[in-house]
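Residues in the sequence shown are numbered consecutively from 24, following my numbering.
Where is the CB? At the ideal position from N, CA and C, for every residue including glycine.
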Amino acid sequence: MNRYVCKRVNALADSSDFVMTLRFISQPCVHMVCGNEVIRGMSLFIILVLFRFVLKWKGKDLFELVCRTLGLRETWFFGLRFDVKDTVAWLKMDKKVLDHDMPKEEPIVFHFLAKFYPENAEEELVQDITQHLFFLQVKKSILEEEIYCPPEASVLLASYAVHAKYGDYDPNVHKPGFLSQEELLPKRVINLYQMTAEMWEERITVCYAEHRGRTRDEAEMEYLKIAQDLEMYGVNYFSIRNKKGTSLLLGVDALGLHIYDPNNKLTPKISFPWNEIRNISYSDKEFAIKPLDKRADVFKFNSSKLRVNKLILQLCIGNHDLFMRRRRVDSLEVQQMKMQAREEKARKQFWEKALCCFGELRKCQANPLSLTSKSQDFMVTICIDFAVAPPGTFNQMERQRLEREKQLREEAERARDELERRLIQLQDEAHMANEALLRSEETADLLAEKAQIAEEEAKLLAQKAAEAEQEIQRIKVTAIRTEEEKRLMEQKMLEAEMLALKMAEESERRAKEADQLKQDLQEARESERKAKNKLLEITSKSAYSVITRLLPKRSPMAFSNISTDDVTSTLVILNHAGV
Numbered sequence: 024m025n026r027y028v029c030k031r032v033n034a035l036a037d038s039s040d041f042v043m044t045l046r047f048i049s050q051p052c053v054h055m056v057c058g059n060e061v062i063r064g065m066s067l068f069i070i071l072v073l074f075r076f077v078l079k080w081k082g083k084d085l086f087e088l089v090c091r092t093l094g095l096r097e098t099w100f101f102g103l104r105f106d107v108k109d110t111v112a113w114l115k116m117d118k119k120v121l122d123h124d125m126p127k128e129e130p131i132v133f134h135f136l137a138k139f140y141p142e143n144a145e146e147e148l149v150q151d152i153t154q155h156l157f158f159l160q161v162k163k164s165i166l167e168e169e170i171y172c173p174p175e176a177s178v179l180l181a182s183y184a185v186h187a188k189y190g191d192y193d194p195n196v197h198k199p200g201f202l203s204q205e206e207l208l209p210k211r212v213i214n215l216y217q218m219t220a221e222m223w224e225e226r227i228t229v230c231y232a233e234h235r236g237r238t239r240d241e242a243e244m245e246y247l248k249i250a251q252d253l254e255m256y257g258v259n260y261f262s263i264r265n266k267k268g269t270s271l272l273l274g275v276d277a278l279g280l281h282i283y284d285p286n287n288k289l290t291p292k293i294s295f296p297w298n299e300i301r302n303i304s305y306s307d308k309e310f311a312i313k314p315l316d317k318r319a320d321v322f323k324f325n326s327s328k329l330r331v332n333k334l335i336l337q338l339c340i341g342n343h344d345l346f347m348r349r350r351r352v353d354s355l356e357v358q359q360m361k362m363q364a365r366e367e368k369a370r371k372q373f374w375e376k377a378l379c380c381f382g383e384l385r386k387c388q389a390n391p392l393s394l395t396s397k398s399q400d401f402m403v404t405i406c407i408d409f410a411v412a413p414p415g416t417f418n419q420m421e422r423q424r425l426e427r428e429k430q431l432r433e434e435a436e437r438a439r440d441e442l443e444r445r446l447i448q449l450q451d452e453a454h455m456a457n458e459a460l461l462r463s464e465e466t467a468d469l470l471a472e473k474a475q476i477a478e479e480e481a482k483l484l485a486q487k488a489a490e491a492e493q494e495i496q497r498i499k500v501t502a503i504r505t506e507e508e509k510r511l512m513e514q515k516m517l518e519a520e521m522l523a524l525k526m527a528e529e530s531e532r533r534a535k536e537a538d539q540l541k542q543d544l545q546e547a548r549e550s551e552r553k554a555k556n557k558l559l560e561i562t563s564k565s566a567y568s569v570i571t572r573l574l575p576k577r578s579p580m581a582f583s584n585i586s587t588d589d590v591t592s593t594l595v596i597l598n599h600a601g602v
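This is how it looks when you write it as structure tokens:
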């Protein structure tokens with residue numbers, strides 16, 4: 024790496040992000056500025072680095088230079104982001120800086136930002152600079168309403184931000200109006216209530232006074248602990264469409280993938296934790312999320328822009344790698360960093376307490392009884408330590424400490440180089456293993472698909488066999504029914520033949536009876552005729568006698584003209600008359 028000069032203009036970072044500007048001049052050279060030069064009137068934190076820029080540099084070389092300039096070792100959370108057209112992109116580590124698809128106008132601006140967020144800031148963030156950078160970025164996101172924060176939490180976070188900047192609350196120093204130039208609350212919260220700036224300051228100051236005794240680093244950590252429980256903390260949102268063409272939002276964060284309604288970024292409709300995702304496949308513009316449960320449906324979605332798809336894939340891979348890393352044992356580098364952080368924290372606490380006690384010691388010159396027992400014990404211990412040491416001991420101890428730290432630093436750098444070499448080797452092995460795993464997964468997926476197809480074909484054949492068996496049974500039943508019907512038809516034919524014979528015999532018998540009845544009818548009619556004639560003869564004779572008695576005597580010629588019908592009529596009349 025080429026030599027560079029680093030000049031710190033201010034010691035405290037009050038800006039909200041870090042901006043790096045690349046400016047190409049006659050000799051390849053870069054001016055890098057970390058920090059915004061103008062951010063709403065806030066004080067600046069500018070790190071100006073002048074170094075010779077090698078045109079063949081990759082993104083990794085530039086990124087490592089920025090991290091070394093900041094003294095940052097927890098590099099896996101951060102990245103260099105640049106704006107391109109109507110979206111953003113991140114600098115790729117293994118690609119040359121100038122080969123990226125970025126605007127080539129001068130200057131080229133990179134934003135040094137957190138790309139991935141921790142699940143638990145208190146457990147994962149080791150260095151103070153890492154914690155401070157996260158504090159600045161999260162604070163900026165809340166104030167710009169990129170992260171939704173309720174009003175109560177906004178006031179509490181503002182009080183911790185004030186403590187991180189001003190230290191312990193002192194009513195003699197922090198008088199009303201000292202926050203008038205500070206931007207501490209989102210505009211949405213301010214407009215939500217009818218409160219003046221003085222009323223808001225009073226509420227924040229009340230909470231600020233309760234944080235007395237905390238260090239600035241502790242206040243920043245408390246800020247992050249509250250912020251990490253917010254629903255939109257660390258979530259990157261992307262507009263997507265599902266298979267039906269419905270507009271949705273995809274959220275990518277440290278815990279997994281989430282699907283949101285476009286009008287509700289707080290509560291996801293569906294969530295896919297990283298430990299429940301078997302595979303995420305990407306082809307052209309379509310993503311497919313395959314859960315571990317093979318019975319669950321595969322969720323497919325797509326985005327209209329190829330650049331956005333690549334960004335989604337980068338964030339998925341990076342967040343999943345960190346998710347798996349958190350669940351493994353810390354590497355030697357992280358263990359060493361944590362040990363150094365604990366030692367540095369203990370040293371800071373010791374000297375802070377010492378300065379506090381010396382301040383009380385100066386106060387006790389006027390009033391010796393004002394010292395607390397805790398402060399007296401601590402000051403006695405410090406005084407004893409200083410008293411037993413001969414003159415020049417502390418200078419010598421400081422030199423020894425510096426030499427020891429230098430030796431430890433050299434050993435750490437050698438160990439780091441060895442670890443980096445080993446890491447590269449392991450990364451190569453992991454890359455090969457990952458490729459083999461991907462091939463095996465593809466083979467397994469292919470075999471699974473083939474097995475599924477074979478299983479479906481077997482099911483189809485079994486279904487067809489069952490249908491054929493049912494058809495055979497139906498044919499057998501039909502045959503049996505046909506046989507029975509045939510037997511019944513033969514039986515019915517026999518019965519019909521017997522019935523026909525009986526009916527023929529009965530018909531013949533009836534014919535004979537009819538002939539006999541005809542003959543009897545003729546005989547009866549003949550007898551009836553004879554009887555009628557006889558009756559007529561008898562009645563005619565009786566009628567003559569009656570008529571002769573009833574009618575006046577006439578001559579015989581008069582009676583000779585009376586017919587038989589006249590006689591019959593006369594008899595009928597007489598019968599009715601009762602004669």
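With 16 or more other CB atoms across the displayed protein chains lying within 10 angstroms of its CB, residue 182 is buried. With at least 16 other beta carbons inside 10 angstroms of its own, residue 164 counts as buried.
For residue 448 and residue 347, the gap between their C-alpha atoms comes out near 19 Å. Within the segment 291–321, complete beta strand (DSSP E) segments of at least 3 residues are found at 293–296, 300–306 and 309–314, given in chain order.
Distance from the CA atom of residue 530 to the CA atom of residue 520, rounded to whole angstroms, is 15 Å. The three-state secondary structure of residue 271, taken from DSSP, is strand. Distance between residue 128 and residue 137, taken at the CA atoms: about 25 Å.
Rounded to the nearest whole angstrom, the CA to CA distance from residue 218 to residue 235 is 26 Å.
Segment contact: the segment 166–173 against the segment 204–216, three or more CB-CB distances shorter than 8 Å; contact assigned. Around the beta carbon of residue 489, fewer than 16 other beta carbons lie within 10 angstroms, which makes this residue exposed. Taken through DSSP and simplified to helix, strand or coil, residue 190 comes out as coil.
Around the beta-carbon of residue 222, fewer than 16 other beta-carbon atoms lie within 10 Å, marking it exposed. Under the DSSP assignment, residue 165 falls in the alpha helix (DSSP H) whose first and last residues are 151–166. Judged by beta-carbon spacing, residue 114 lies beyond the 8 Å limit of residue 94, meaning their Cβ atoms are not closer than that value. Here the C-alpha atom of residue 515 lies approximately 20 Å from the C-alpha atom of residue 501. Scanning its chain for C-beta atoms nearer than 6 Å, with the 5 sequence neighbours on each side dropped, one finds around residue 187 the residues 239, 242 and 243, in chain order. Residue 463 sits in a helix when the DSSP states are folded into three classes.
If you draw a 10 Å sphere on the C-beta of residue 374, you find fewer than 16 other C-beta atoms in it, and that means exposed. By the Cβ neighbour-count rule, residue 276 is buried, with 16 or more other Cβ atoms within 10 Å of its own.
Here residue 82 carries a helix assignment [DSSP, helix/strand/coil]. By a beta-carbon distance limit of 8 Å, residue 270 does not contact residue 291. Their separation comes to about 15 Å.
Fully enclosed beta strand (DSSP E) runs of no fewer than 3 residues occupy 259–265, 270–275 and 279–283 of the segment 238–284, in order along the chain. Contact between the segment 303–312 and the segment 324–338 is present, with at least three C-beta pairs closer than 8 Å. A direct Cα-Cα distance of roughly 25 Å separates residue 315 from residue 262. In the structure shown, residue 134 falls within a strand segment according to DSSP collapsed to helix, strand and coil. Of the candidates 537, 142, 118 and 107, the residue whose Cα lies closest to the Cα of residue 256 is 142. By the Cβ-count criterion, residue 247 is buried, with 16 or more other Cβ atoms from all chains shown falling within 10 Å of its own Cβ. A contact is defined here as three or more CB-CB pairs under 8 Å, and the segment 353–370 meets this definition with respect to the segment 433–442. Inclusion of residue 231 and residue 161 in the CB contact set at 8 Å is not warranted, their separation being larger than that value.
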